[in-house]
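See structure below.
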């Protein structure tokens with residue numbers, strides 16, 4: 016069966032800039048890899064300032080070699096604290112948290128090791144869940160490469176404020192992982208943190224899974240570190256420049272992704288064994304944040320419920336992540352997709368520990384895609400836009416105790432809503448506005464559901480139902496993210512990527528007794544709401560159609576009702 020493909024109209028920035036791997040000689044391909052392994056930034060840009068920035072982000076190419084001399088120290092630390100603490104809370108965002116979350120969800124703490132939590136949100140309900148732990152027996156790992164991440168520092172301030180009222184030496188319950196000389200390191204020294212670990216300064220967050228970012232949580236969870244290193248080392252050696260391109264596991268993956276992108280199949284859809292599904296959350300950030308910029312990009316689709324081939328548009332290509340011996344789980348679907356002409360690449364792992372190999376394969380492959388797409392895969396130029404607008408909202412709130420956002424009120428549901436100016440000014444009613452958002456979708460449009468709500472599997476399942484409904488009615492791709500988690504992950508793509516997306520942002524009414532962040536004059540809910548409004552305005556500035564829906568305190572019931580409104584909107588033509 017011939018593969019499905021169609022050519023989408025590229026922006027002017029794409030013309031002449033894309034390099035097609037299959038058209039390059041083996042000698043040229045080898046030269047590209049050799050330069051990358053020599054950490055030569057010239058392959059990505061001729062601009063000297065950009066070259067300097069890239070040079071400071073290339074140490075990940077060393078793979079597991081960076082972490083090897085540090086492993087014994089990480090193991091010793093984990094052994095010392097496992098009998099002293101019953102809980103470990105890993106506080107971080109984006110690249111500082113997603114791979115630890117992957118390890119937690121795939122492996123979990125081994126026998127004899129503390130309970131482990133990843134807190135990568137500022138949602139008041141998730142904060143309250145951590146607050147219920149016996150905090151005197153809880154170790155907080157505060158992780159921020161820059162040392163300035165607003166959510167992470169707010170988490171620290173809040174739990175420090177509680178612990179300093181419980182203990183005379185609260186610093187014993189805190190560990191920092193940050194760049195040398197960062198504000199967080201200075202704070203940790205001042206407050207006598209138990210331990211300070213250094214983030215490698217020449218590795219960016221999303222490329223740091225094989226550093227302390229990955230191996231410190233692996234040790235704290237009690238994982239088999241030798242096995243993890245074995246797989247990582249094998250993959251590193253299988254990707255060296257002297258391995259012929261067709262046999263090089265990263266290079267061949269990059270060529271697959273680029274060929275699909277050139278054919279207009281820019282929706283990289285992951286179908287995963289349930290055991291490996293958490294890994295796609297890390298892959299989503301790597302792909303989206305590395306390649307979603309300058310109005311182009313590959314769009315990773317993760318967390319969808321698998322469907323029949325008839326519900327997928329021709330802009331799709333598929334990665335099937337499976338474990339040997341478990342291939343039958345989605346074997347029939349994969350066969351049907353191939354029969355219908357969809358390109359599918361299967362990646363079969365020996366066991367769960369091989370994800371330590373896959374992180375290297377994918378980091379190198381995505382860096383190569385950046386080269387072929389003439390992009391800098393190591394920056395995130397549009398992330399700052401939301402940060403700036405969030406800061407403006409918070410400063411306004413501190414002065415006026417008001418965010419200045421006036422919602423329209425839908426009398427039928429009691430929900431507030433607000434819309435981006437380019438959607439339409441002629442639809443002041445919620446139901447009509449929702450219908451307008453879904454009208455005239457192009458074949459390659461994708462819909463984003465962005466939820467500033469508690470991170471909760473039940474909520475994610477509700478949104479998965481929304482996504483399935485949209486896909487079945489419109490044959491278009493969908494993405495989902497909890498805010499502010501996605502701001503540090505796929506948010507770069509949503510703002511800086513191709514103008515083929517439409518978004519719905521969900522917030523909820525705050526409660527009067529929300530937790531106040533010490534020294535800030537606002538609550539976690541205020542901070543989260545400011546981020547939602549800030550990203551709304553950033554998407555607006557980037558000309559992405561977007562509406563914001565402000566739910567009541569009974570947001571779970573509201574979401575169930577929203578399904579019916581969504582279904583009606585999708586019937587509108």
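Numbering (the working numbering), first residue to last: 16 to 588.
Note that CB positions come from ideal geometry on N, CA and C, so glycine has one too.
- Message: Using the three-state DSSP reduction, which class does residue 480 fall into: helix, strand or coil?
- Response: Of the three classes helix, strand and coil, the one that applies to residue 480 here is helix, per DSSP.
- Query: How big is the Cα-Cα spacing for residue 228 and residue 450?
  - Reply: Residue 450 has its alpha-carbon roughly 43 angstroms from the corresponding atom of residue 228.
- Task: Would you identify the three-state DSSP class for residue 566, choosing helix, strand or coil?
- Result: If DSSP states are grouped into helix, strand and coil, residue 566 belongs with the strands.
- Message: What would DSSP say about residue 496, mapped onto helix, strand or coil?
- Response: The answer is strand: DSSP assigns residue 496 an E or B state.
- Taking three-plus beta-carbon pairs below 8 angstroms as touching, is the segment 331–341 in contact with the segment 350–364? Segments in contact, yes.
- Rounded C-alpha distance that separates residue 568 from residue 526: Their Cα atoms are separated by approximately 8 angstroms.
- Would DSSP call residue 46 helix, strand or coil? Residue state, collapsed to three classes: helix.
- Status (buried if at least 16 other CB within 10 Å, exposed otherwise) for residue 327: Answer is buried; the Cβ neighbour count reaches 16.
- Item | For residue 124 and residue 469, the rounded distance between their alpha carbons | Using only the alpha carbons, I get a separation of about 23 angstroms.
- Task: Can you give me the start and stop residues for the alpha helix (DSSP H) that residue 119 sits inside?
- Result: Note, residue 119: alpha helix (DSSP H), 113–121.
- Task: Answer yes if the segment 366–381 comes into contact with the segment 240–252, meaning at least three C-beta pairs across the two stretches below 8 angstroms, and no otherwise.
- Result: The answer is yes - the segment 366–381 touches the segment 240–252, with three or more Cβ pairs under 8 angstroms.
- Would you give the residue range spanned by the beta strand (DSSP E) that residue 282 belongs to? Unbroken beta strand (DSSP E) run through residue 282: 282–287.
- residue 430 - partner residues in DSSP beta bridges: 425, per the DSSP bridge assignment.
- Message: Buried or exposed for residue 263, going by 16 or more other Cβ atoms inside 10 Å?
- Response: Counting Cβ neighbours within 10 Å, residue 263 comes out buried, since at least 16 surround it.
- Task: Helix, strand or coil for residue 63, going by three-state DSSP, please let me know.
- Result: Three-state result, residue 63: helix.
- Query: Do the segment 404–421 and the segment 541–554 meet, that is, are 3 or more Cβ pairs less than 8 angstroms apart?
  - Reply: The answer is yes - the segment 541–554 touches the segment 404–421, with three or more Cβ pairs under 8 angstroms.
- Per-residue DSSP class, three states only, for residue 420: Here DSSP, grouped into helix, strand and coil, assigns residue 420 to coil.
- On the three-state DSSP scale, how would you describe residue 214? Coil at residue 214, not helix or strand.
- Residue interval of the alpha helix (DSSP H) (run including residue 267): Bounds of the alpha helix (DSSP H) holding residue 267 are 264–277.
- Message: Check whether the segment 113–124 and the segment 181–201 touch, using three or more Cβ-Cβ pairs below 8 angstroms as the test.
- Response: With a cut-off of 8 angstroms on Cβ pairs, the segment 113–124 is not in contact with the segment 181–201, counting fewer than three such pairs.
- Measure how close the beta-carbons of residue 502 and residue 381 come, nearest whole angstrom, since I'm counting them as under 8 angstroms. About 20 angstroms separates the Cβ atoms of residue 502 and residue 381, ruling out a contact at the 8 angstroms cut-off.
- Task: Taking the CB atoms as reference points, tell me whether residue 500 and residue 319 lie closer together than 8 angstroms.
- Result: Between residue 500 and residue 319, the C-beta spacing is not below 8 angstroms.
- Item | alpha helix (DSSP H) segment containing residue 353, residue limits | First-last of the alpha helix (DSSP H) with residue 353: 346–354.
- Query: Are the beta-carbon atoms belonging to residue 97 and residue 129 less than 8 angstroms from one another?
  - Reply: Cβ distance < 8 angstroms, so residue 97 and residue 129 count as in contact.
- Query: Rounded to the nearest angstrom, how far is the Cβ of residue 546 from that of residue 532, given a contact under 8 angstroms?
  - Reply: That belief does not hold up - the Cβ atoms of residue 546 and residue 532 are roughly 13 angstroms apart, past 8 angstroms.
- Could you tell me how far apart the beta carbons of residue 78 and residue 375 are, in whole angstroms, since I believe they sit closer than 8 angstroms? Right, their Cβ atoms sit about 5 angstroms apart.
- 4-residue-minimum alpha helix (DSSP H) runs that sit fully inside the segment 327–397, ordered along the chain: Segments of the alpha helix (DSSP H) lying fully in the segment 327–397: 346–354, 370–387.
- Query: Between the segment 474–489 and the segment 506–517, do at least 3 Cβ pairs fall closer than 8 angstroms?
  - Reply: No: the two stretches stay apart, fewer than three of their Cβ pairs being nearer than 8 angstroms.
- Classify residue 323 as helix, strand or coil using the three-state DSSP reduction. Correct three-state label for residue 323: coil.
- Task: Starting from residue 185, follow its DSSP beta bridges and name the residues at the other end.
- Result: DSSP output for residue 185 lists no bridge partner at all.
- Query: Should residue 444 be flagged as near chain C, meaning a C-beta pair shorter than 8 angstroms?
  - Reply: The chain inventory of the structure shown lacks chain C, comprising one protein chain alone.
- Name the DSSP beta bridge partners of residue 159, please? 193.
- Query: In terms of alpha-carbon separation, which member of 190, 560, 522, 237 lies closest to residue 214?
  - Reply: Out of 190, 560, 522, 237, 190 has the C-alpha closest to the C-alpha of residue 214.
- Item | When 99, 116, 179 are compared against residue 106, the one with the closest alpha-carbon | Cα-wise, what sits closest to residue 106 is 116.
- Task: List the whole-angstrom C-beta distance separating residue 519 from residue 461, where the pair is believed to meet the contact cut-off of C-beta under 8 angstroms.
- Result: Between residue 519 and residue 461 a beta carbon distance of about 12 angstroms is seen, past the 8 angstroms cut, so the two are scored as non-contacting.
- Limits of the unbroken beta strand (DSSP E) element including residue 106: From DSSP, the beta strand (DSSP E) with residue 106 extends over 102–106.
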